[in-house]
Amino acid sequence: MLEHPEIPLFLNEGSKKGGCLLSHAYAAIASPGVTMFYRTVKDSSGRVVDRYLHPKLQPFVVGRVFYLTFDQDEKEKTRLNTRIAVAQTARLLLAAGAAQVLIVQWEPGLGKGVDDVIFTHGPERFEQAVEAALTYEQWRKWDDWRLDTRPSLRVCDRYLNFQIPQHEPIVALKSVQGTGKTELIANHVEKQREERPIFVLTHRESLAQALASRFNVPYRTEKCAEGRLFGYSLCIDSLHAGRGFRLEDISQKPCLVIRR
C-alpha cells in the first residue's frame, strides 16, 4: 500500500468492520473509534491546542484518495460526535497531502456499520453508497444545511389518520400520492381557521386555485367580502409586491402557512 498511492483507502471504526471491507476487496484501516485516526494535544488547563494525524496513518496519506465509512448511528449525541470526527479527520488528511477525502453515508435503517449493510443488503448496496459518497467540501455544505429527517411519527395505514400538532412551529409530511395528505391538512385548517389566517403557497397557479377551494380560502386574485383577513392561496412566484403580495399580511399576527 505504501508503494501504491493510487489505491483508495477506506477508514472505519472497529476491526470487524475493517475485516469485512478487506474481505470484499476494499483496502481498509480500522481504528478502535472514530477519534483514533488523529491525536489531540491539550494545554495544562485541558483546552485543545492542536490535533495531528496518527503517526502510523501518516505514511499512507500523500496523493491518496480516502473514504471515511464511519457508523451511521441512530442516537443524536453519537451522530454529533461522529460528524465532529469526520470533519477533524478529513481536514487533517487534506492538510497532510491526501488527494481527496470522500464521506460515505447511508440510511441508518440499512444498518449501523458497513458490515451490517453488506451482510443485510449485500455488497452491491454498499457499493452504491460508495459511488454516492460526498467530497469533504460537499459534505460540509450538506452538514451545514441539512435537516434532521428522522420522523417524529411513522404510520403504516392506507390513509393518514393522525392529528397534526397544533403548536409545533414547523410540521413536515412525507407520504405517497393518494394517502390523504390534503384531507389531513384540510381538517387541520378547519380547526385553525378561527384562530389565525391561512396562507397556501404552491408552485403552480392551478394547484393554488384548487387548494384555495379545498381549504376554503380565497385565491390571490379572488374578491370576497372579508378581503385577505382570513388569508389566501397563491403561487410562490407571486410573493412580490407586483402581484399584490404584502408582507404585512403575514407579519402582523401569527398565521398558518401551508407549502405544497
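Under my numbering, the final residue of the sequence shown carries the number 260; numbering is consecutive throughout.
Glycine residues also receive a C-beta, built at the ideal position from the N, C-alpha and C atoms.
Check: Residue from 215, 82 and 5 whose Cα sits closest to the Cα of residue 61; Outcome: 5
Check: DSSP three-state assignment for residue 66, whether helix, strand or coil; Outcome: strand
Check: Proximity winner among 93, 95, 70 and 92, relative to residue 83 (alpha-carbon distances); Outcome: 70
Check: Residue 120 classed as buried or exposed, judged by whether at least 16 other C-beta atoms fall within 10 angstroms; Outcome: exposed
Check: Test item: CB-CB of residue 129 and residue 101 under 7 angstroms; Outcome: no
Check: Cross-strand partners of residue 39 (DSSP beta bridge); Outcome: 52
Check: Anticipated Cβ contact below 8 angstroms, residue 197 with residue 230, distance rounded; Outcome: 5 angstroms
Check: The alpha helix (DSSP H) enclosing residue 22, as first and last residue numbers; Outcome: 15-23
Check: Rounded separation between residue 201 and residue 167 - CA only; Outcome: 20 angstroms
Check: Which of helix, strand or coil DSSP assigns to residue 136; Outcome: helix
Check: Residue 187 versus residue 7: straight-line alpha-carbon distance, rounded; Outcome: 58 angstroms
Check: Beta-ladder partner(s) of residue 102, from DSSP; Outcome: 67 and 135
Check: Contact under 7 angstroms by Cβ, residue 217 with residue 206; Outcome: no
Check: Where residue 44 falls, given that 16 or more other Cβ within 10 Å makes a residue buried; Outcome: exposed
Check: Nearest to residue 260 (by Cα), restricted to the options 214, 109 and 224; Outcome: 214
Check: Contacting residues, own chain, Cβ-Cβ under 7 angstroms from residue 314 (five flanking each side not counted); Outcome: With the chain running from 1 to 260 in the structure shown, residue 314 is simply not present.
Check: For residue 172 and residue 181, the rounded distance between their alpha carbons; Outcome: 11 angstroms
Check: Exposure label - residue 159; buried when at least 16 CB within 10 Å; Outcome: exposed
Check: Beta-carbon proximity check, residue 235 vs residue 118, cutoff 7 angstroms; Outcome: no
Check: Span of the beta strand (DSSP E) around residue 28; Outcome: 28-31
Check: Selected residue, minimal CA-CA separation from residue 68, among 240, 75, 36 and 46; Outcome: 36
Check: Coil, strand or helix - residue 187 by DSSP; Outcome: helix
Check: Option in 106, 152 and 209 with minimal Cα separation from residue 125; Outcome: 106
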